[in-house]
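Q:
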Amino acid sequence: MYHIHIADDHPLFRSALLDVIHQHFSQSTISESSDLGSTLQALNNDTDIDLLLLDLQMPGSQDLYGLIAIREKYPTVPVVIVSASDDKETINRAMGHGASGYIPKSLSADTLHKAIQAVAEGEQWIPAFMENQLTEINQDEKSLAARISTLTPQQYRVLCYVREGWLNKQIGFEIGITEATVKAHITAIFRKLGVTNRTQAVIELSKMSLNEVTTSNEG
1 MYHIHIADDH
11 PLFRSALLDV
21 IHQHFSQSTI
31 SESSDLGSTL
41 QALNNDTDID
51 LLLLDLQMPG
61 SQDLYGLIAI
71 REKYPTVPVV
81 IVSASDDKET
91 INRAMGHGAS
101 GYIPKSLSAD
111 TLHKAIQAVA
121 EGEQWIPAFM
131 ENQLTEINQD
141 EKSLAARIST
151 LTPQQYRVLC
161 YVREGWLNKQ
171 IGFEIGITEA
181 TVKAHITAIF
191 RKLGVTNRTQ
201 AVIELSKMSL
211 NEVTTSNEG
């Protein structure tokens, strides 16, 4: 039927998704990953994936990086965001950057089924409270997303540590690479983002930050 890939590092929610898929899409092939690196590897190895269920926040990915990196490399694979956040701005930005659907993790199993079914059939799906609420992402943000999507996962990881104020030596020790390699990554990051120093790079990255996770009961 379908090949559905679940990319989420929370075992309980992965289990809930699996239950829904097994019940309503029993003939489907299911694959799983729990970090961005293995998700990209799965997409590279399995060209028949019909639908990707992607958590925005998991190892290797924060904010919108996972989504925009996947959309850049695998533009034909429909991506449905599954997230603990039901923040309206987050949903709007995720859809604006190429998601085919957005499923808050607070939804019922029946609604999960309907959302997955809709996107699998080529439609978009958003929560009821977002109907007629989506707005266009501005061109500056689209341009920035295009630049950030060219960062490798390792470069993105380095940039996140730079944002935290880590020194090159600390970053290298944490990742397991030499300080010279860290410097090479930072040079590449500057070039790809069109900046000349660490402060400018952090400012650019911060523009893609999402609001803190919320779990309102709207809609």
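Under my numbering, the sequence shown is numbered contiguously, ending at residue 219. All C-beta atoms in this analysis are idealised placements derived from N, C-alpha and C, irrespective of residue type, glycine included.
So, for residue 130: in the same chain, excluding its five sequence neighbours on each side, which residues have a beta-carbon less than 7 angstroms away from its beta-carbon?
A: Cβ within range, chain order: 88 and 91.
Q: Skipping 5 residues on each side, what residues in its chain have a beta carbon closer than 7 angstroms to that of residue 99?
A: Closer than 7 angstroms at the Cβ level, and outside the excluded window around residue 99, lie 67, 79, 80 and 81.
Q: Express the C-alpha separation of residue 53 and residue 45 in angstroms, rounding to a whole number.
A: The straight-line gap from Cα to Cα measures roughly 17 angstroms.
Q: May I ask you to list the residues that DSSP assigns as paired with residue 81?
A: Answer by DSSP bridge pairing, in chain order: 54 and 102.
Q: Go through its chain and collect everything with a Cβ distance to residue 218's Cβ below 6 angstroms, but skip five positions before and after it.
A: The pLDDT assigned to residue 218 is 38, lower than 50, so where the model puts this residue is not dependable; a value taken from the coordinates is nonetheless given after this. So the list reads 129, once near-sequence residues are dropped.
Q: Is the segment 2-19 close to the segment 31-49, with three or more CB pairs under 8 angstroms?
A: In short, these stretches touch, since the Cβ pair count reaches three.
Q: For residue 30, which beta-bridge partners are listed by DSSP?
A: Residue 30 is bridged to 4.
Q: Please state the DSSP three-state secondary structure of residue 61.
A: Residue 61 falls in the strand class under three-state DSSP.
Q: Cα separation between residue 182 and residue 114?
A: About 45 angstroms.
Q: Which residues in the same chain have their Cβ closer than 7 angstroms to the Cβ of residue 188, if we skip the five residues on either side of it in sequence?
A: Answer for residue 188: 155, listed in chain order.
Q: I'd like the list of long-range same chain contacts for residue 149, defined as Cβ closer than 6 angstroms, with 5 residues on each side in sequence excluded.
A: For residue 149, where only same-chain residues beyond five positions count, the Cβ hits under 6 angstroms are 68, 69 and 72.
Q: How about residue 172 and residue 179: are their beta carbons less than 7 angstroms apart?
A: In contact: residue 172 and residue 179 (Cβ atoms closer than 7 angstroms).
Q: With distances taken from CA atoms, which of 193, 195, 161 and 192 is nearest residue 62?
A: Of the candidates 193, 195, 161 and 192, the one whose C-alpha sits nearest the C-alpha of residue 62 is 161.
Q: Can you round the beta-carbon distance between residue 151 and residue 192 to whole angstroms, since I take them to be within the 8 angstroms contact cut?
A: Residue 151 to residue 192, Cβ: 6 angstroms. Contact.
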